[in-house]
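Working notes for the structure below.
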Amino acid sequence: MTYKGTVRGNVIELEKPVSLPQGTRVSIIPDDEESMDTEVETETLGEWLKKARELRKRLPKTSDSVEILRKIREERASR
């Protein structure tokens, strides 16, 4: 069976409601290749890492995560 839809961001919005089971594999074939955006935004690993480091700097620094991991490891070891 064929379903029609439109791409919005990274989501395909179907024209009509469809009930497919979770995990159903699908194939997507664009109707008009000319309507496809041929310009793909690329990012080098270095650029991606720089953005990730900048994001990390804005996150709160906490030692709680280290303590939580220690407790989890101790609980697993005592099982």
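When we follow the numbering used here, the leftmost residue of the sequence shown carries the number 6, and every step to the right adds one. Even for Gly, the Cβ is constructed at its ideal location relative to N, Cα and C. Small disclaimer: the values here were computed from a predicted structure and weren't measured.
Contacting residues, own chain, Cβ-Cβ under 6 Å from residue i (five flanking each side not counted)
i   : result
T11 : E18
R30 : none
Residues sharing a beta bridge with residue i, DSSP
i   : result
E79 : None, per the DSSP bridge assignment.
V16 : R13
7 Å Cβ shell around residue i - same chain, five flanking residues per side excluded
i   : result
A57 : none
Span of the alpha helix (DSSP H) around residue i
i   : result
E48 : From DSSP, E48 is part of no alpha helix (DSSP H); its letter is neither H nor E.
Chain-order list of residues whose beta-carbon lies under 8 Å from that of residue i (same chain, five-residue window excluded)
i   : result
P26 : none
Y8  : L19, E20, K21, V23
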